[in-house]
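The structure appears below as structure tokens.
Protein chains in written order, with the numbering used here: chain Z, 584 to 748; chain G, 1410 to 1662.
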């Protein structure tokens, strides 16, 4: 899956289509508003175009994008005062699920920034702790601690919504 | 590792996606950046290609220059010739040009006195034939001396042939008439060199043996030696030797 030095528009469009959802969610987890998220997503893919990494697989591609998106968002958080939109504007779900999902997503998004990427990758993308450590370039012990602490916060705030299996 | 029900989390996250207008804006920005990057890289590649040919030429020039300097294509070191006192051998410079006798200009300067036929048994030594000069300007014959060193196994001796403007030999020839065998100072082993000069139109040629007495060559050897001397294109006819040390040698012909 090695890429040539210059990507065609078709290749870029396909790559964007493959990963736009994931990159968008990672960025939203950090930035929590659509305007900044849109900028961050654009910046992530533009960095890919300019750095021209040679991907060996789709998973490698995904890992690179997750890491870059996280870094882009962290940079934005350092330099911008962000407005926080009401989470209700971001999606539209059936009423019954809406309340719980609102609460769950709101609670997840309210987690400290350092937990969000790990929580998203673990629960949504299904990565293991070791894989998350590799993606985010963090020690495995750090990832385990973040997940444990995030779980404790979610359990405390959501109560019985989260059951240990 | 702990596990928990994540269906709600997944469902919640699933809702987080760019809408159509966001999608279009983001893709447009990315494609625009991609086109700019492609143009920039294509320009860089073209610029690199344009520079490649001059760069290759420069590298080739450098290689030719280095090889040429090593092979002395461009210059040759020279040191002044020091005139020797009477009776002492003439010192030569370090300048050496391979096979100069073939050079047309040098041939015109010295060739007509140099033997065209080297006697059998005389083998060019490692020193070979060399052109030496006392001036950085090697174009002027008056500053150059041609040297050829041979070895003869039968005689177990070296023969030095030198051709140069007569002024080169300076005071060395003052008391040494042409066509007469002369002798160098005896060495510690008792050997002494013998030499004979011939001249034409301001150019002198010297034949010098390391230890063989030219005057004492047997008839056959002497005939062969002088045949070599006479093979020069233009040989100055000398008068018979006047020195008592030499047999009369008829070199006409």
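All C-beta atoms in this analysis are idealised placements derived from N, C-alpha and C, irrespective of residue type, glycine included.
| Item | Value |
| --- | --- |
| N-terminal and C-terminal residue of the alpha helix (DSSP H) that residue 1463 of chain G is part of | 1429-1479 |
| Straight-line gap, residue 707 of chain Z to residue 640 of chain Z (C-alpha atoms, nearest Å) | 21 Å |
| Inter-residue Cα distance where the pair is residue 1473 of chain G and residue 1480 of chain G | 10 Å |
| Nonlocal neighbours in the same chain, by C-beta distance under 6 Å from residue 1432 of chain G, ignoring five residues either side | none |
| Secondary structure of residue 1566 of chain G, DSSP reduced to three states | strand |
| Identity of the residues DSSP links to residue 601 of chain Z by a beta bridge | DSSP output for residue 601 of chain Z lists no bridge partner at all. |
| Residue(s) in a DSSP beta bridge with residue 1538 of chain G | G:1557 |
| Partner residues on chain Z for residue 1436 of chain G, Cβ-Cβ distance less than 7 Å | 596 and 599 |
| Residue-level contact to chain Z via CB, residue 1503 of chain G, 8 Å cutoff | Confidence is the limiting factor: at residue 1503 of chain G the pLDDT is only 40, short of 50, which leaves the residue's position unreliable and the question unanswerable from this model. |
| Cβ-Cβ separation, residue 735 of chain Z to residue 723 of chain Z (assumed contact under 8 Å), whole Å | About 19 Å separates the two Cβ atoms, so there is no contact after all. |
| Top-ranked residue by Cα proximity to residue 1589 of chain G, from G:1435, G:1441 and G:1615 | G:1615 |
| Identity of the residues DSSP links to residue 1571 of chain G by a beta bridge | G:1556 and G:1615 |
| Proximal residues of chain Z, C-beta to C-beta of residue 1446 of chain G below 9 Å | 589, 590, 629, 632, 633 and 635 |
| Any chain Z beta carbon closer than 8 Å to residue 1465 of chain G | no |
| Unbroken alpha helix (DSSP H) run spanning residue 632 of chain Z, endpoints | 617-634 |
| For residue 1538 of chain G, the nearest candidate out of G:1531, G:1559, G:1529 and G:1528 (CA to CA) | G:1559 |
| Residue 1545 of chain G classed as buried or exposed, judged by whether at least 16 other C-beta atoms fall within 10 angstroms | Because residue 1545 of chain G sits at a pLDDT of 46, beneath the cut-off of 50, its placement in the model cannot be relied upon, and the following sentence gives the value as read from the coordinates. By the 10 Å Cβ count, residue 1545 of chain G comes out exposed. |
| CB contact check: residue 1433 of chain G to chain Z, cutoff 8 Å | no |
| Anticipated Cβ contact below 8 Å, residue 609 of chain Z with residue 652 of chain Z, distance rounded | 4 Å |
| Short CB-CB distance (under 8 Å) between residue 611 of chain Z and chain G | yes |
| Short CB-CB distance (under 8 Å) between residue 703 of chain Z and chain G | yes |
| Where residue 653 of chain Z sits in the DSSP three-state scheme | helix |
| Short CB-CB distance (under 8 Å) between residue 1535 of chain G and chain Z | no |
| Range covered by the alpha helix (DSSP H) that runs through residue 1425 of chain G | Looking at the DSSP string, residue 1425 of chain G is not in any alpha helix (DSSP H), and its letter there is neither H nor E. |
| Within chain Z, partners of residue 1440 of chain G - CB distance below 9 Å | 592, 595, 596 and 599 |
| Where the segment 1415-1427 of chain G meets chain Z: residues whose CB sits under 7 Å from a CB there | 1415, 1417, 1418, 1419, 1420, 1421, 1422, 1424, 1425, 1426 and 1427 |
| Residue span of the alpha helix (DSSP H) that contains residue 1605 of chain G, given as start and end | Premise fails: residue 1605 of chain G lies in the beta strand (DSSP E), 1603-1609, not in any alpha helix (DSSP H). |
| Close-in-space but distant-in-sequence residues of the same chain around residue 599 of chain Z (CB under 7 Å, 5 per side omitted) | 628 |
| Straight-line Cα distance separating residue 1594 of chain G from residue 1530 of chain G | 26 Å |
| Residue 1574 of chain G and residue 1599 of chain G closer than 8 Å at C-beta | no |
| Residue 632 of chain Z vs residue 601 of chain Z beta-carbon contact at 8 Å | no |
| Residue range of the unbroken alpha helix (DSSP H) whose run includes residue 699 of chain Z | 696-702 |
| Start-to-end residues for the alpha helix (DSSP H) that takes in residue 736 of chain Z | 723-741 |
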